[in-house]
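**Q** Converting from the sequence shown to the numbering used here requires adding 1009 to each position, the first position being numbered 1. All residues carry an ideal CB built from backbone N, CA and C; glycine is no exception.
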Amino acid sequence: MTSADLSADMAAQRGFRWALSDIGVITWRNLLRVARSPELIFFGAIQPIMFVLLFSYVFGSSITLPGFPFSYRQFLMAGIFVQTIAFGSVASTGIGVAEDLAKGMVDRFRSLPMTRSSLLIGRTLSDVVRNAYTTLILLAVGFAIGFRFHGGVLAGLAGIGLGLLFGFAFSWIAACIGLLVGSVEAAQTGGFVWLFPLTFASSAFVSTENMPGWLRAFANVNPVTVTVNSLRALFDGTPIGDNLWQALAWIAGVLLVFVPLAVSLYRRTTTR
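1) According to the neighbour-count rule (16 or more other Cβ atoms, all chains shown, within 10 Å of its Cβ), is PHE1214 buried or exposed?
2) Rank LEU1174, GLY1155, THR1217, LEU1129 by C-alpha distance to the C-alpha of THR1234 and give the top, closest one.
3) If you follow the alpha helix (DSSP H) that ASN1231 is in, where does it begin and where does it stop?
4) Mapping the DSSP letters down to three states, classify THR953 as helix, strand or coil.
5) Rounded C-beta distance between ASN1231 and LEU1207? I'm assuming under 8 Å.
6) So, for VAL1193: in the same chain, excluding its five sequence neighbours on each side, which residues have a beta-carbon less than 7 Å away from its beta-carbon?
7) Distance, Cα to Cα, THR1280 vs LEU1274?
8) Can you tell me whether GLY1222 is helix, strand or coil according to DSSP?
9) Are GLY1069 and HIS1159 touching if we call contact CB-CB under 7 Å?
10) Less than 7 Å separating the beta-carbons of GLY1097 and THR1143?
11) Going by alpha carbons, who is nearest to LEU1171 out of TRP1181, SER1030, ILE1260, GLN1197?
12) Between which residues of its own chain and LEU1015 is the CB-CB distance below 8 Å, once the five residues before and five after are set aside?
13) Start and end of the alpha helix (DSSP H) containing ASP1136?
14) Which residue from PRO1078, PRO1075, PHE1077, LEU1085 puts its Cα closest to that of LEU986?
15) Where ILE1154 and ARG1276 are concerned, what is the direct C-alpha to C-alpha distance, given to the nearest angstrom?
16) How close, in whole Å, do the beta carbons of GLY1176 and LEU1243 come, if the pair is a contact with beta carbons under 8 Å?
17) Please report the Cβ distance between LEU1134 and THR1236, rounded to the nearest whole angstrom; I am assuming they are in contact, meaning their Cβ atoms lie under 8 Å.
18) Using 8 Å for Cβ pairs, my map puts VAL1091 next to ALA1178. What's the rounded Cβ distance?
19) Return the chain-ordered list of same chain residues with a C-beta closer than 6 Å to the C-beta of TRP1181, the five sequence neighbours on each side being excluded.
20) How about GLN1083 and PHE1152: are their beta carbons less than 7 Å apart?
21) Does the separation of the CB atoms of ASN1238 and SER1212 fall below 7 Å?
22) Taking buried to mean at least 16 other C-beta atoms within 10 Å of its own C-beta, is LEU1129 buried or exposed?
23) How about VAL1150 and ILE1058: do their beta carbons lie closer than 7 Å?
24) Exposed or buried, what is ILE1055 when buried is set at 16 or more other beta-carbons lying within 10 Å of its beta-carbon?
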């Protein structure tokens, strides 16, 4: 190896370490903001808790589950986890990016000698941690109403990890929306308008077998459905089938498309 190659290699290593440091700073900054406003986590968990209670005690008795070996409450929790994580990722990332743009924080970061993409990566990673907090609250509520890890603790934790990975992927879609619209109100509307159909036209709350044929065809390939089915199988110790690799394929596909797109949009936004 020549001295020029060695110098280039050392420069690349320094650049990588600086990038990791920048990402760590942004992640910590976002987590501190949440720690200073714990009510954000509390109120963020209120909606999914209400969904759990309403579906369990109001609608649960009228929902049939062909072939499901456990109670509706056990069935429901996988859907609630995925819905909450997806909604939390979309709301927090999309609105957070749009808010940073509107308040001029992006311009301030641009003036610093830091990696351009660190703001987006730090934001999405901090939202994974925030989703983990909310998930712990939901777990406590779920265990209180009878939810259990019938497939074992390790399988249950693997399911939670898959859900958080799913939310991480969806947060990059939200980042793109936040960068495109540039306002908090538009980011909130633009984030939920496509996520609601994906969530409710899925197996999150009801079995797809009870849906009309045309809707069932969509629901069965829906990324929310295959992810929920994967979590449900891991939680319940039932066969997972093709759901896991389909969920991982959706996650990989979303990341491959939307991470470069978000970084490209961010660079264009910060060079105007």
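**A** Once the coordinates are examined:
1) It counts as buried.
2) Comparing Cα-Cα distances from THR1234 to each of LEU1174, GLY1155, THR1217, LEU1129, the minimum goes to THR1217.
3) First-last for ASN1231: undefined, no H or E at that position.
4) There is simply no residue 953 to check, as the chain begins at 1010 and stops at 1281 in what is shown.
5) Contact flag correct, Cβ pair sits at about 6 Å.
6) Exclusion of the five residues before and after VAL1193 leaves ILE1104, ALA1107, GLU1108, ALA1111 as the residues of its chain whose Cβ lies within less than 7 Å of its Cβ.
7) The predicted position of THR1280 is uncertain, since its pLDDT is 49 and thus under 50; a value taken from the coordinates is nonetheless stated next. C-alpha separation (whole angstroms): 10 Å.
8) Reduced to three states, the DSSP call for GLY1222 is helix.
9) Between GLY1069 and HIS1159, the C-beta spacing is not below 7 Å.
10) For GLY1097 and THR1143, yes; Cβs fall inside 7 Å.
11) Ranked by how close their Cα comes to the Cα of LEU1171, the residues TRP1181, SER1030, ILE1260, GLN1197 have ILE1260 in first place.
12) Residue placement at LEU1015 cannot be trusted, given a pLDDT of 41 that sits under 50; what the coordinates show is reported in the next sentence. Closer than 8 Å at Cβ, skipping near neighbours: no residue.
13) According to the DSSP assignment, ASP1136 belongs to the alpha helix (DSSP H) that extends over 1127–1153.
14) Nothing in the structure corresponds to residue 986, since the chain is present only between 1010 and 1281.
15) Roughly 47 Å between the two C-alpha positions.
16) Actually they do not touch by this definition, with Cβ atoms about 16 Å apart.
17) Actually they are not in contact, since the Cβ atoms of LEU1134 and THR1236 sit about 20 Å apart, beyond 8 Å.
18) About 12 Å; that fails the 8 Å criterion.
19) Same-chain partners within the cutoff: PHE1267, VAL1268, ALA1271.
20) When the beta-carbon positions are compared, GLN1083 and PHE1152 stay at least 7 Å from each other.
21) Their beta carbons are under 7 Å apart, which means ASN1238 touches SER1212 by this criterion.
22) With 16 or more other Cβ atoms within 10 Å, it is buried.
23) Going by C-beta atoms, VAL1150 is nearer than 7 Å to ILE1058.
24) By the 10 Å Cβ count, ILE1055 comes out exposed.
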